[in-house]
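Residue numbers for the sequence shown follow my numbering, beginning at 18 and rising by one.
For glycine and all other residues, C-beta sits at the position ideal for the given N, C-alpha and C.
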Amino acid sequence: MGAIVYGAERRIHVDDRTLAHVKSVVVTKLRRQESFTLSCLQVQGEPGSRISLWIHPSIPLQFEFDTADRHELNREWLTSLMVSANASGDLRIDDEPIVAVA
């Protein structure tokens with residue numbers, strides 16, 4: 018279980034595979050100097066909770082992974098996350114879509 022470390026205090030726990038996808042979208046948006054919100058539907062240990070963070074280039078942000086493994090990124094999921102962030106200005110961490118194998 019990795020974590021998004023936001024500012025000086027806030028730590029949001031996210032599994033490493035999801036974190037790799039979120040990192041890709043967040044870094045892309047920040048590279049473009051685009052601010053947005055990041056919403057997690059459940060904060061670990063608090064069932065039914067939700068948190069939204071204002072992501073801005075001036076706010077310290079780190080991605081901590083529990084393993085050194087690099088996950089292969091699911092292009093469909095990346096597209097879905099980016100569309101979410103671009104359409105509403107809110108990057109929602111949703112479940113990875115299941116990709117049909119032909």
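The three-state reading of DSSP puts leucine 90 in coil, since its state is none of H, G, I, E or B. Of the candidates Leu90, Leu47, Arg87 and Asp86, the residue whose Cα lies closest to the Cα of alanine 102 is Leu47.
For alanine 20, the enclosing beta strand (DSSP E) has its first and last residue at 19–23. DSSP, read as helix, strand or coil, puts arginine 49 in coil. Beta-carbon to beta-carbon, histidine 30 and leucine 90 are separated by about 20 Å, too far to satisfy the 8 Å threshold. The three-state secondary structure of histidine 30, taken from DSSP, is strand. Non-local C-beta neighbours of aspartate 83 in its own chain, meaning closer than 8 Å and more than five positions away in sequence, comprise Met18, Gly19 and Asp33, ordered along the chain. The residue from Asp107, Ser41 and Ser75 with its alpha-carbon nearest to that of arginine 87 is Ser41. Secondary structure of serine 66 (DSSP, three-state): coil.
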